[in-house]
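J.:
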Amino acid sequence: MPDRIRLLVRRLGVMMTHQPQHLSDAQCAPILQQFRRQSPLVHCMTNDVVQTLTANVLLALNASPAMVIDAEEAAQFSALADALLINVGTLTHDRKQAMQAAVLAANQAGTPWTLDPVAVGALTLRTAFCKQLLAQSPAVVRGNASEILALAQQAEGGRGVDSLHSAEAALQAAQQLAKAFDTCVVVTGEVDYVTDGQRTWAITGGSPLMTRVVGTGCALSAVVAAFACLPGDRLINIACACRVMALAGEKAAQDADGPGSFAPAFLDALWTLEAPDETH
Numbered sequence: 001m002p003d004r005i006r007l008l009v010r011r012l013g014v015m016m017t018h019q020p021q022h023l024s025d026a027q028c029a030p031i032l033q034q035f036r037r038q039s040p041l042v043h044c045m046t047n048d049v050v051q052t053l054t055a056n057v058l059l060a061l062n063a064s065p066a067m068v069i070d071a072e073e074a075a076q077f078s079a080l081a082d083a084l085l086i087n088v089g090t091l092t093h094d095r096k097q098a099m100q101a102a103v104l105a106a107n108q109a110g111t112p113w114t115l116d117p118v119a120v121g122a123l124t125l126r127t128a129f130c131k132q133l134l135a136q137s138p139a140v141v142r143g144n145a146s147e148i149l150a151l152a153q154q155a156e157g158g159r160g161v162d163s164l165h166s167a168e169a170a171l172q173a174a175q176q177l178a179k180a181f182d183t184c185v186v187v188t189g190e191v192d193y194v195t196d197g198q199r200t201w202a203i204t205g206g207s208p209l210m211t212r213v214v215g216t217g218c219a220l221s222a223v224v225a226a227f228a229c230l231p232g233d234r235l236i237n238i239a240c241a242c243r244v245m246a247l248a249g250e251k252a253a254q255d256a257d258g259p260g261s262f263a264p265a266f267l268d269a270l271w272t273l274e275a276p277d278e279t280h
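Numbering-wise, the sequence shown is residues 1 to 280 according to the UniProt record's numbering.
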C-alpha cells in the first residue's frame, strides 16, 4: 500500500474513532438504577447563586449533597465524599484556597473530582486558576463551548457564563483537551458531547426552558460529578448523567408554563424519572 494511502487510512481511522455515538435510553437505565441504589455523597464547592438548586437536584436523584467551603473542613470532607465538584462561578481568594485544598485531599484519597470552569476566558483570575486545576487530574471537565475553547486556548471566553459558540464548534477542542489531560470532557449546548479523546457520545434532548432557570448547567456539573464516581465505564456513566438531565428537562417542559413553573417541575421530573422495571 503506498505511503500516501496508508497515511490517509490512518487519518480516516482516527476521524472515525472520534465521530460521536448516540447514547440510548436502554444504556442509561441500569446506570440510573445503580446510581439511586448507591446514593453517592457529593461534595459541592459551587457558586453562591446555585447552591439550593444543585442540592435539590442531587436529592431528587437520591444522591446526598454537601456544601462545605471552609479550607480546613473542605480538605477533610473531600477525602470522605464519593465525589467532589469544583465550580468557580463566584470565585474569591479564600474560596480558591479552599478549592485547592479540597482537590489536593481528593487526589490523595482517590476521590474523583469535576471541574466546572464558569466564565473561563472572560475573566483572568478564574482563567489562570482553572488552568492550574486542569493540571491536577480532574476526572471530568464540564463547560459550555466557549469555556472549553478557552481552556484549550482556541478562543476567548463567552459573555460571562453564556456561550458564544455551539457545542459542535468546540467538539474537536474537547477531544484534544481530554486526550492531553487524560480526562473526560463534557461540552454542553443544544447537543451535549461527552468525550475522553478517543470515544465521543452525543446526547440530545432537554428544553430551551433549561437555559431560563439559573443554575441548571451548574446542577448538571454536580450530577456529572456524582455519576463519575460510579463503577464501570466512566465515560458512559457521565453521558448517562447528561441524558438523565435532558429527559427530566423534556418532561418538565410539558407541564410548565414558563421558567417559574419549570424549576419545580424539573425537580419532580428527576424524582419520578423511571428506568425500565424501576419503581420509586
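For glycine and all other residues, C-beta sits at the position ideal for the given N, C-alpha and C.
Applying the criterion that 16 or more other CB atoms from any shown protein chain within 10 Å of the CB defines a buried residue, is G110 buried or exposed?
T.: exposed
J.: Which two residues bound the contiguous alpha helix (DSSP H) that contains V223?
T.: T216 to F227
J.: Could you check what DSSP says for G143 in three-state terms: helix, strand or coil?
T.: strand
J.: Does G160 come out as helix, strand or coil in the three-state DSSP assignment?
T.: Because G160 carries a pLDDT of 44, less than 50, the predicted location of this residue cannot be relied on, and no value is offered for it.
J.: Excluding the five sequence neighbours on either side, which residues of its own chain have a C-beta within less than 6 Å of the C-beta of M210, listed in chain order?
T.: T216 and G249
J.: Check N87 in the structure and name its three-state DSSP category.
T.: strand
J.: Residue ranges of each beta strand (DSSP E) run of no fewer than 3 residues wholly in the region 51-111, ordered along the chain?
T.: 64-66 and 83-87
J.: The alpha helix (DSSP H) spanning V244 covers which residue range?
T.: R234 to D255
J.: To the nearest angstrom, report how far apart F77 and N107 are at their CA atoms.
T.: 13 Å
J.: Please give me, in chain order, every unbroken run of the alpha helix (DSSP H) with length at least 4 that falls completely inside the region 168-221.
T.: 171-181
J.: When you compare only the Cα positions, how much space is there between E147 and L134?
T.: 13 Å
J.: Quick one: any contact between the region 226-240 and the region 21-35, if contact means 3 or more CB pairs under 8 Å?
T.: yes
J.: Do you know how far the Cα of D268 is from the Cα of C242?
T.: Cα to Cα, the separation comes out at about 17 Å.
J.: Near P264, which residues of its chain fall below 7 Å by C-beta distance, leaving aside the five closest residues on each side in sequence?
T.: Nothing meets the Cβ criterion.
J.: Can you tell me the Cα-Cα spacing of D257 and W113, whole angstroms?
T.: 36 Å
J.: Is Q21 helix, strand or coil by DSSP?
T.: strand
J.: Does the beta-carbon of A170, which I'm using as the reference point, lie nearer than 8 Å to any heavy atom of the ligand COA?
T.: As far as ligands go, the structure on display features none, and thus does not contain the ligand COA.
J.: Using DSSP bridges, identify the partner residues of D268.
T.: D268 is not bridged to any residue.
J.: Does DSSP classify L115 as helix, strand or coil?
T.: strand
J.: Please identify the residue among V118, S137 and A139 whose C-alpha is closest to the C-alpha of L149.
T.: V118
J.: Which of the three DSSP states, helix, strand or coil, is assigned to L41?
T.: Note: L41 maps to strand in three-state DSSP.
J.: Leaving out five residues before and five after A226 in sequence, what residues of the same chain have Cβ atoms less than 6 Å from its Cβ?
T.: P40, V42, A63 and A83
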